[in-house]
Amino acid sequence: MAVREVLKMGHPLLLRQAEPVTRFDTPELHALLADMRDTMAHLDGAGLAAPQIGVSLQVVIFGVRTNPRYPQAEEVPMTVLINPELTVLDDAQEEGWEGCLSVPGFRGVVSRYKRLGYRGFDETGKAIEREAEGFHARVVQHECDHLIGVLYPMRIRDFSRFGFTDVLFPELQGEGDD
Ligand code: NI
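Start counting at 1 in the sequence shown, then tack on 3, and there's your number in our numbering.
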């Protein structure tokens, strides 16, 4: 499969509502996921949404083992999530730093729900239903935002905490471009 070009903020496809997947376990869907996995691994990302590689479908992948870009981050299970639905379990929000492969070179503080439920399907059509909190919940919210045309800078309230990664976090230099 292949590492694909990641669209950058400003591209109109990133602002679109993505279409639901209607057929599972097809060669096309498996090929899309192989490209998404290759692209995310190549760029050392915590997640990737299909629109970021130019495919306007409701498909996201995410997962964190020990990622040098998020040294404090909790592990997040490697997940394929298709046609996701999020349920807020608790009104509490928390702030945290985010980056995005479509906004390379920047980080910003975004407020997200601390706890949520999510459900959807994997690429074979098997149902997934989980609860998540903390960084796991943050990653899910960030990736699912891509499916409704929202990039994290659009959620920033305080632009004094938005800036270039290499200035904000010089210790992360050389750990990737986003
Ligand atoms: Ni992103």
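Glycine included, each C-beta is placed from N, C-alpha and C at the ideal position.
- prompt: Along the chain, where does the beta strand (DSSP E) that runs through MET81 open and close?
  reply: Element bounds for MET81: 79-91.
message: Output needed for THR146: all residues of its chain with C-beta closer than 6 Å, excluding positions within five of it in sequence on either side, in chain order.
response: Correcting the residue identity first, residue 146 is Glu in this sequence and not Thr. Counting only residues of its own chain and dropping the five nearest sequence neighbours on each side, GLU146 has a CB closer than 6 Å to the CB of GLY50, ALA52, VAL63, PHE65.
query: Do you know how far the Cα of LEU119 is from the Cα of PHE162?
result: For PHE162 and LEU119, the distance between alpha carbons rounds to 26 Å.
message: Using 8 Å as the cut-off, can you tell me whether the region 79-93 makes contact with the region 121-138, which would need three or more C-beta pairs spanning the two stretches below that distance?
response: With a cut-off of 8 Å, the region 121-138 and the region 79-93 count as touching, because enough Cβ pairs lie within range.
task: Please name the residue or residues paired with SER114 in a DSSP beta bridge.
output: Residue pairing by DSSP puts SER114 in a beta bridge opposite GLU98.
message: Across the region 130-139 and the region 29-41, are there enough close Cβ pairs to call them in contact, namely three or more that are closer than 8 Å?
response: The region 130-139 and the region 29-41 do not touch, with fewer than 3 CB-CB distances between them shorter than 8 Å.
Bridge partner(s) assigned by DSSP for ILE131: Answer is GLY123, bridged to ILE131.
task: Tell me whether GLY13 sits in a helix, a strand or coil according to DSSP, three-state version.
output: Coil, per DSSP.
task: List the residues that DSSP assigns as beta-bridge partners of VAL62.
output: Paired residue(s): ILE85.
query: In terms of DSSP beta bridges, what is VAL67 paired with?
result: In DSSP, VAL67 forms a bridge with VAL79.
message: What I want to know is whether the C-beta of HIS14 ends up closer than 8 Å to one or more non-hydrogen atoms of the ligand NI.
response: False, no ligand heavy atom lies under 8 Å from that Cβ.
query: Nearest-angstrom Cα distance between PRO107 and LEU17?
result: Annotation: PRO107 to LEU17 spans about 14 Å, alpha carbon to alpha carbon.
- request: Going by CA-CA distance only, name the one from LEU89, LYS11, VAL112, LYS117 that's closest to TRP100.
  value: Nearest C-alpha to TRP100: VAL112.
message: Under 8 Å: does the beta carbon of HIS139 sit that close to some heavy atom of the ligand NI?
response: Not so, every heavy atom of the ligand NI lies at least 8 Å from the Cβ.
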